[in-house]
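Right under this line is the structure:
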């Protein structure tokens, strides 16, 4: 359900919307970390239950167990994408020397090639790139705060991906030997 909601909301997460609502759209880091742990645990437990069962799995059980992996993977990176957007668009209030009006400038931390004001799709792209490769591609990380977040995201992604690949190979061998 979360993945459907995130994908449906992506067109609405424009640079203008994110810059105005950065504080309201983020989840606390502990919530993100907690959900990540739960998602990883559910995906891994469901795989190992399939691997270690005596009898063949019902097709519905097999389908849900196998779907939990990509959906869990996407949930982690979608939540992280929204957190990247939140951190990026946190506003520093600056007063223009020639005006009494306060202008909002994003804190930043990511430099997207060819784009000054990134939207939700840009953050989702960055997050899935880190999630798939545990590194960045054409997006530069420009602040220490953002580097810390990317580092943690890379480490979690690496271990999640490693465990999932190992479990999937184990599952394939287990199902093939029955």
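Residue numbers (our numbering): 263 to 440. Backbone N, C-alpha and C define an ideal beta-carbon position, used for all residues, glycine too.
In three-state terms, what does DSSP make of residue i?
i           : result
residue 357 : With a pLDDT of 47 at residue 357, under the threshold of 50, the modelled position of that residue is not reliable, and the figure given next carries that caveat. It is a strand residue.
residue 368 : strand
residue 340 : helix
Beta-carbon of residue i versus every beta-carbon of chain E: anything under 8 Å?
i           : result
residue 372 : Within the model displayed, chain E is absent; a lone protein chain is all it includes.
Is the closest heavy atom of the ligand MG to the C-beta of residue i under 7 Å?
i           : result
residue 430 : No copy of the ligand MG occurs in the structure displayed, which carries no ligand at all.
Assuming residue i and residue j make a contact with CB atoms under 8 Å, what is their CB distance in whole Å?
i           : j           : result
residue 368 : residue 350 : 6 Å
residue 275 : residue 381 : 6 Å
residue 433 : residue 313 : 5 Å
residue 395 : residue 339 : Not a contact, Cβ separation roughly 12 Å.
residue 398 : residue 412 : 7 Å
residue 438 : residue 404 : With 8 Å as the limit, residue 438 and residue 404 do not qualify as a contact, their Cβ atoms being about 48 Å apart.
Shortest alpha-carbon distance to residue i belongs to which of the options?
i           : options               : result
residue 334 : 379, 438, 294 and 375 : 294
residue 422 : 309, 407 and 381      : 309
residue 406 : 436, 372, 393 and 398 : 372
residue 283 : 298, 292, 348 and 296 : 348
residue 300 : 375, 428, 324 and 331 : 331
residue 352 : 374, 278, 329 and 375 : 278
residue 290 : 426, 336, 302 and 341 : 341
residue 280 : 326, 379 and 302      : 379
residue 264 : 431, 297 and 327      : 297
residue 302 : 427, 431, 344 and 436 : 427
residue 344 : 376, 272 and 327      : 272
residue 327 : 336, 315, 311 and 337 : 311
Three-pair Cβ contact test at 8 Å for the stretch 382 to 390 versus the stretch 268 to 278: Result yes; three or more Cβ-Cβ pairs closer than 8 Å.
message: Which runs of the beta strand (DSSP E) at least 3 residues long sit entirely within the stretch 394 to 427? Give them in chain order.
response: 401 to 403
message: Between the stretch 411 to 418 and the stretch 310 to 319, can you find at least three pairs of beta-carbon atoms closer than 8 Å?
response: The stretch 310 to 319 is not in contact with the stretch 411 to 418.
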